[in-house]
Amino acid sequence: MKSLSHTNTLMGMLAILLFNVAIGFSQPKRLSEPKRISNIKTVDHFVTQSFDLYNKIYVYDSLTTAGVEIPSELEAEVVTRAEKNIDSLLEVLPDLFEDLTDDGAYLKKLKATANLNKSKKALKYCLKTVKGYAAGTKTEEDEE
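When the count follows my numbering, it moves up by one through the sequence shown with no breaks and lands on 190 for the last residue.
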């Protein structure tokens, strides 16, 4: 009897483990914006703009994955705002490197580097997602 009870417990734990693993692979974890600012204006602006872009693309991707039909006017608005975010990122970039290489507080640079690493992950997600939609659009056009 003890071995049967032990087997049932083991099977239950295995089922819970497999269920949790399946849930973990179903949806990517949403990145959060860094909680501490670096107090370097260009870095903080770059990180904010990166996460604004990330949030727009993440919401759009989540809606399309869920099967929600997005009106074309709303898609055009999302694309326009994303372009503005990208332009803003490109404007800040030259000053960002200059500010990071200037002599200054070491702790500020550490925070800035950590925040930039988080924004790099967000931008990688954006790039991967946009490439996926662009490739999907091309294949749909080829089929027509």
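Yeah, the Cβ is synthetic: ideal placement off N, Cα and C, and Gly gets one too.
Check, Outcome
"Quick one, which of 178, 170, 165, 108 has its alpha-carbon nearest residue 93's?", "165"
"At what residues does the alpha helix (DSSP H) containing residue 131 begin and finish?", "118 to 147"
"Which class does residue 114 belong to by DSSP, given the choice of helix, strand or coil?", "coil"
"For residue 138, which option in 84, 78, 89 has the closest C-alpha, if you only look at C-alpha atoms?", "89"
"Taking the straight line between their C-alpha atoms, what separation do you get for residue 117 and residue 102?", "15 Å"
"Around the Cβ of residue 99, are there at least 16 other Cβ atoms within 10 angstroms (buried) or fewer (exposed)?", "buried"
"Can you give me the C-alpha to C-alpha distance between residue 120 and residue 79, rounded to a whole angstrom?", "25 Å"
"Could you check what DSSP says for residue 150 in three-state terms: helix, strand or coil?", "coil"
"Using CA coordinates, which residue listed in 167, 96, 161 is at the minimum distance from residue 82?", "161"
"What separation, rounded to the nearest whole angstrom, lies between the Cα atoms of residue 144 and residue 84?", "15 Å"
"Would DSSP call residue 85 helix, strand or coil?", "coil"
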